[in-house]
Ligand code: URA
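Numbering (this note's numbering), first residue to last: -18 to 166.
Structural data, given as structure tokens:
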């Protein structure tokens, strides 16, 4: 499947009800040859209005961490488990995640990243393991199939609890070190 075909399928998707309440599809953005793919949970209000992931307050904080460790947003690809915003930013339902996961899988096949970074608990539980404990297991790098996978705190969690920011910085530095050592950037 090509990028254009995949985006077209997402645009026409009627597998769950979120397409009826969204403003825009939030397909994903960034470098289609990225070594590193960040996966969040679902679009929020600003993302829904603009059609681009992580452009609201959480996204601005993510940008600061990327900048702090010397990774540019142009260098990475950013997507979400869900491509449409859940009303009032409620957690994605399991059936919505099931309906949408195939699109993320196709994105992964097209990008073939070396590393996948889950942003937050929902993404980590879906992509790493169902009982993933973000407070205990954030920042741990593990090989899973063709990728190295890890999870960091969701930037929204850092906005609610500033005491997590130190851990986030440490985890992001570890990601940068992995890229430098093993991917050669
Ligand atoms: N939170 C997410 O998980 N994804 C976005 O795109 C924005 C906020």
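For every residue, glycine included, the Cβ atom is placed at its ideal position computed from N, Cα and C.
What you are looking at is a predicted structure, and each value in this text was computed from that prediction instead of being measured.
Residue range 17 to 21 is occupied by the beta strand (DSSP E) that includes residue 21. Per DSSP, residue 146 lies in no beta strand (DSSP E); the unbroken alpha helix (DSSP H) holding it starts and ends at 146 to 159. With a contact defined as Cβ atoms closer than 8 Å, residue 73 and residue 85 miss out at about 12 Å. In the structure shown, residue 99 falls within a strand segment according to DSSP collapsed to helix, strand and coil. Segment contact: the stretch 29 to 38 against the stretch 74 to 83, fewer than three CB-CB distances shorter than 8 Å; contact not assigned. If you check the C-beta of residue 100 against the ligand URA, you find a heavy atom less than 7 Å away.
Here the stretch -2 to 7 makes no contact with the stretch 98 to 115; the two share fewer than three CB pairs at distances below 8 Å. At least one heavy atom of the ligand URA sits closer than 7 Å to the Cβ of residue 25. DSSP places residue 2 in the helix class (H, G or I) of the three-state scheme. Under the three-state reduction of DSSP output, residue 131 falls in the strand class.
Distances between the C-beta of residue 113 and the heavy atoms of the ligand URA are all 7 Å or more. Counting the other Cβ atoms within 10 Å of the Cβ of residue 68 gives fewer than 16, which makes it exposed.
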